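Visitor:
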Amino acid sequence: MHKYLNRQSLPIRVSLPFLPRIQTTFDSEDPSIKREILMMIVQYLEENGYRSSAMILRNEASFSTKSSVRSVDLTAVRNAVVSDDWTQIDNFQIDKYLHPRLVYSIYRHRYYQILLSGDSHDALQFLSTRLRPFRAFEDQAGDFDQLCFLLVDAASPSRTSPIPDIEASLQRTLNAIDSQLSVVSIPVVDNSLPSKRLTHLIQQAAAHQLQSFPLCCIKSIINDFVPATLPDFSGKRLKGCHTGNIKAISFIPRSEMLISGGSDSNVVLWDVKKCQQVSQLKGHKGRVWSIATTEKYAATASADSTIRIWDIENQSLSATFSAHTDDVYAVDIDNCGSKVISGGFDRSVIIWDVNAGVPINTIRGAHKGSVTSICFDSTGNMAITGGKDMSIQIWDLRNCIAVRTLSPVLGEVSSVNTDRSFNHVLAATKNSTNRIYDLRMSGSSTLLKGHKNTSKHFVRARFGYEGRIVVGGSDDGKIYSWDAGTGILAEKLEAHKGGVFDVIHSQDMQLFASCGEDSVIRLWGQRQMK
1 MHKYLNRQSL PIRVSLPFLP RIQTTFDSED PSIKREILMM IVQYLEENGY RSSAMILRNE
61 ASFSTKSSVR SVDLTAVRNA VVSDDWTQID NFQIDKYLHP RLVYSIYRHR YYQILLSGDS
121 HDALQFLSTR LRPFRAFEDQ AGDFDQLCFL LVDAASPSRT SPIPDIEASL QRTLNAIDSQ
181 LSVVSIPVVD NSLPSKRLTH LIQQAAAHQL QSFPLCCIKS IINDFVPATL PDFSGKRLKG
241 CHTGNIKAIS FIPRSEMLIS GGSDSNVVLW DVKKCQQVSQ LKGHKGRVWS IATTEKYAAT
301 ASADSTIRIW DIENQSLSAT FSAHTDDVYA VDIDNCGSKV ISGGFDRSVI IWDVNAGVPI
361 NTIRGAHKGS VTSICFDSTG NMAITGGKDM SIQIWDLRNC IAVRTLSPVL GEVSSVNTDR
421 SFNHVLAATK NSTNRIYDLR MSGSSTLLKG HKNTSKHFVR ARFGYEGRIV VGGSDDGKIY
481 SWDAGTGILA EKLEAHKGGV FDVIHSQDMQ LFASCGEDSV IRLWGQRQMK
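Each residue of the sequence shown is one higher than the last, beginning at 1 in UniProt numbering.
1) Pull up the distance between the alpha-carbon of N314 and that of A303, whole angstroms please.
2) Please list the terminal residues of the continuous beta strand (DSSP E) segment that includes M382.
3) Is there contact here, the segment 104-119 with the segment 171-180, by at least three beta-carbon pairs under 8 Å?
4) I need the straight-line Cα distance from F251 to P231, nearest angstrom please.
5) From the DSSP output, read off the bridge partner residues of I350.
6) Let's see if you can read the secondary structure: which residues bound the beta strand (DSSP E) around P231?
7) How far does the beta strand (DSSP E) with E47 in it reach, from first residue to last?
8) Let's test the definition: count the other Cβ atoms within 10 Å of the Cβ of V371 and tell me whether it reaches 16, buried, or not, exposed.
9) In its own chain, which residues sit with a C-beta less than 8 Å from the C-beta of A319, not counting the 5 before and 5 after it?
10) Secondary structure at V328, three-state DSSP: helix, strand or coil?
11) Is it buried or exposed, A428, if we count other Cβ atoms within 10 angstroms and call 16 or more buried?
12) For the beta strand (DSSP E) containing N417, list its first residue and its last residue.
13) When you compare only the Cα positions, how much space is there between H109 and S195?
14) So who's on the other strand from residue 569, going by DSSP bridges?
15) So, using beta-carbon positions, are V520 and R237 closer together than 8 Å?
16) Do V500 and G485 count as a contact pair if the criterion is CB distance below 8 Å?
17) Can the beta-carbon of D475 be found less than 8 Å from the beta-carbon of V459?
18) Report yes if the CB atom of S342 is closer than 8 Å to the CB atom of A298, and no otherwise.
19) Where do the N-terminal and C-terminal ends of the alpha helix (DSSP H) with T87 fall, by residue?
20) Would you decide whether E46 is buried or exposed? Buried here means 16 or more other CB atoms lie within 10 Å of its CB.
21) In whole angstroms, what separates the C-alpha of T293 from that of P253?
22) Return the CA-CA distance between L269 and K368, expressed in angstroms with no decimal places.
23) With a threshold of 16 other CB atoms inside 10 Å of the CB of S290, please say whether the residue is buried or exposed.
24) Give the straight-line distance between the Cα atoms of M529 and V503, rounded to the nearest whole angstrom.
25) Tell whether a beta-carbon distance below 8 Å holds between L397 and Y437.
26) Quick one: Cα of I350 to Cα of Q393, how far?
27) Under 8 Å between C-beta atoms, does K456 make it to chain B?
28) V103 by DSSP, collapsed to three states: which one?
29) State the Cα-Cα distance for the pair V81 and I89, rounded to the nearest angstrom.
30) Hey, how far is the Cα of M390 from the Cα of V409?
31) Tell me the residue span of the beta strand (DSSP E) that contains N434.
32) Would you identify the three-state DSSP class for E491, choosing helix, strand or coil?
33) For R135, collect the residues of the same chain with a Cβ closer than 7 Å to its Cβ; drop the 5 residues on either side in sequence, then sort them by chain order.
34) Report yes if the C-beta distance between S378 and R364 is below 8 Å; otherwise report no.
35) Which value, in whole angstroms, describes the spacing of the CA atoms of L124 and M39?
36) With a floor of 4 residues, list each alpha helix (DSSP H) that falls wholly inside the segment 106-187, ordered by position along the chain.
See the structure below:
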């Protein structure tokens, strides 16, 4: 790791020093271990009411748990069949969690009862809606066809078929239920599985990950726990290549490179580890306002009314998009790298096909003022835009319509950003406030204050990793960090001589970077937020 990260900077990946030893003592491919994992999953599903899913998994794995919930349910179903309590059977929703062959047998017995009552209409309805979906599970070939014939024959004056023996039908159904009861009561192992075993194991895993960190609420177990981190100290600067202020920066995903653009119209590619320039990407004839990146490409928006697409590996110009009539203030690339979206002084939003190099759609008059910031959602089918008209719009890009306008917005919007879930939108506005909007709740927002944002520059704010913090620039030369959940200011750092325009984070390198009015890019370590 870089030498300027050695000041008590906690790694955000949890290290497991004993992992090699675990791999030799715990074999996840052992058939017995696999079976026990399946047992715990079945137990969890049953304990939480997912009976149908538990049944499917149990049948596929060819086992069941001792004294299972399903065994109790089967006994209740048997008692209801004996007492002709079909209302209770309907409440059990047997078609959702019993074996389909058993459901067919129970429904056939009920069909016989309706048929013998003389109500042909109800019998036909029951045959069509209840029995027919389980036709593939008839216990004898042609049984369903025979049931259909019985209905036709019952409605005929010259009845030829014998009347079904209802007692024999009942006994046949009970035998089928008893057969299933004998199966589900067989234990898989001699010892019973401890209650809530899967939950307890997950709690142990979470406790291990949290042992080096303060206690906090765990809201997901899909990925390893990552503590919220803040910019901490700065040991390196990238400078000397830009002759004017630096408007925008972006890390290249899954690499050790960063790209920057500024008022001198230059686009510079940096090696962050070596703290040196890799190349200058020339072509723009006006200041560079915005940058977006993927692993392969970078898109830059400029005052020369163009968007340029750069090939990162070859460090060369790949395409130039020209459809705006004035400054292009904002640009973003979708996750697939197939679409670019841009907005600018001409108040339009344009969606581009990267491969073809042509506009897919153009939204004229997207805002009543300049479009100053823009970003895709994770699918590339939605976008959020902010403008000088003090509005934030959410767009359905497939139909090119604004589906929602966020409020309140009390100043010109200098940036918009979203968390990975697209549940929260962060907006920086020129009344010295940032605001987080919860898209799941109408009118719900969290106000972030303390910084200064009133100048002519675009001062941006962004969510940190996992959306638990917000970092942003300020006209006073400081970096500000807030707790995204509470809106409380967590810290402020002296950063640049003049305004700080942007602050970004790299999960891959565990670094923050900032740029601003002094033509310098500063690299920051990180510390855990308390």
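Where a beta carbon is used, it is the ideal one built from N, C-alpha and C, also for glycine. Note that the structure is a prediction, hence the values are computed from the model and not measured.
Guide: Taking the coordinates as given:
1) If you take the alpha carbons of N314 and A303, they lie about 25 Å apart.
2) Run containing M382: M382 to G387, per the beta strand (DSSP E) assignment.
3) Yes, they touch.
4) Answer to the nearest angstrom: the Cα atoms are 16 Å apart.
5) Note: I350 sits in a beta bridge opposite S342 and T362.
6) Counting along the chain, the unbroken beta strand (DSSP E) around P231 starts and ends at T229 to L238.
7) Careful: E47 lies outside any beta strand (DSSP E), inside the alpha helix (DSSP H) at P31 to E47.
8) A residue is called buried when at least 16 other Cβ atoms come within 10 angstroms of its Cβ; V371 meets this threshold and is buried.
9) Annotation for A319: R308, I309, V354 and G357 place their beta carbon closer than 8 Å to its own, counting only its chain and skipping 5 residues before and after.
10) When secondary structure is reduced to three states using DSSP, V328 falls in the strand class.
11) It is buried - the Cβ of A428 has at least 16 other Cβ atoms within 10 Å.
12) Element bounds for N417: V413 to T418.
13) Looking at the two C-alpha atoms, the distance is approximately 37 Å.
14) The first residue shown for the chain is 1 and the last is 530, placing residue 569 beyond what the model contains.
15) R237 is positioned such that its CB atom lies closer than 8 Å to that of V520.
16) If you check the CB distance, G485 and V500 do not come in under 8 Å.
17) In this structure, V459 lies closer than 8 Å to D475 by Cβ.
18) Result no, Cβ atoms of S342 and A298 do not sit closer than 8 Å.
19) It spans W86 to F92 - the alpha helix (DSSP H) in which T87 sits, taken as one unbroken run.
20) So E46 counts as buried.
21) Straight-line Cα distance between these residues: approximately 7 Å.
22) So the alpha carbons of these two residues sit roughly 35 Å apart.
23) Buried.
24) Rounded to the nearest whole angstrom, the C-alpha separation of M529 and V503 is 17 Å.
25) In this structure, Y437 does not lie closer than 8 Å to L397 by Cβ.
26) Whole-angstrom Cα-Cα distance: 14 Å.
27) The question asks about chain B, but that chain is absent: this structure has only one protein chain.
28) The DSSP-derived three-state label of V103 is helix.
29) If I take the Cα positions, the gap works out to 8 Å.
30) The alpha-carbon atoms of M390 and V409 are separated by roughly 6 Å.
31) Bounds of the beta strand (DSSP E) holding N434 are T433 to D438.
32) Of the three classes helix, strand and coil, the one that applies to E491 here is strand, per DSSP.
33) Answer for R135: F144, listed in chain order.
34) Between S378 and R364, the gap from beta carbon to beta carbon reaches 8 Å or more.
35) The alpha-carbon atoms of L124 and M39 are separated by roughly 42 Å.
36) You should have 120-126, 143-154 and 166-184.
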